[in-house]
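**Student:** Input: one structure, supplied below.
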Amino acid sequence: MKRITTLLATTLIAFAAHAQADRAEAEVRKVDKSAGKITLKHGEIKNLDMPPMTMVFEVKDRAWLDKVKAGDKVTFTAAKEGGQYVVTSLQTQP
Ligand SMILES: [Cu+2]
Numbered sequence: 337m338k339r340i341t342t343l344l345a346t347t348l349i350a351f352a353a354h355a356q357a358d359r360a361e362a363e364v365r366k367v368d369k370s371a372g373k374i375t376l377k378h379g380e381i382k383n384l385d386m387p388p389m390t391m392v393f394e395v396k397d398r399a400w401l402d403k404v405k406a407g408d409k410v411t412f413t414a415a416k417e418g419g420q421y422v423v424t425s426l427q428t429q430p
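Numbering-wise, the working numbering comes out as the position in the sequence shown, counting from 1, plus 336.
Here it is as structure tokens:
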């Protein structure tokens, strides 16, 4: 039982570390509330195998677009859903 618990803990730590690694940094370039899109000049996005670039993303929650503006520094996660790149979490940096 102890071995199983240790294995589970190790797996959780590895999972948490992976989730952490998937966070990317970006600077907001443009916010399009009516289209529900955001343009980010982003750093490497490891889970998408994407190098740094400036590109347009859809957002999972359009309410996030009220909290950011061009020039803001953000951290975010992104995924590819139905052929579109979607921001799945977004936080402004202090
Ligand atoms: Cu990109």
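Beta carbons are placed, not taken as given, at the ideal position from N, Cα and C, and that holds for glycine.
Confirm, please, whether the CB-CB distance from V422 to E380 is below 9 Å.
**Tutor:** Taking 9 Å as the Cβ cut-off, E380 and V422 do not qualify as a contacting pair.
**Student:** Check whether the Cβ atoms of A360 and H378 sit closer than 9 Å, and answer yes or no.
**Tutor:** In this structure, H378 lies closer than 9 Å to A360 by Cβ.
**Student:** If you measure between the beta carbons of D408 and Q429, is that distance less than 9 Å?
**Tutor:** The answer is yes: Cβ separation under 9 Å.
**Student:** Could you compute how far the alpha carbon of T390 sits from the alpha carbon of A345?
**Tutor:** Looking at the two C-alpha atoms, the distance is approximately 38 Å.
**Student:** For T341 and G372, what's the separation of their Cα atoms in angstroms?
**Tutor:** About 44 Å.
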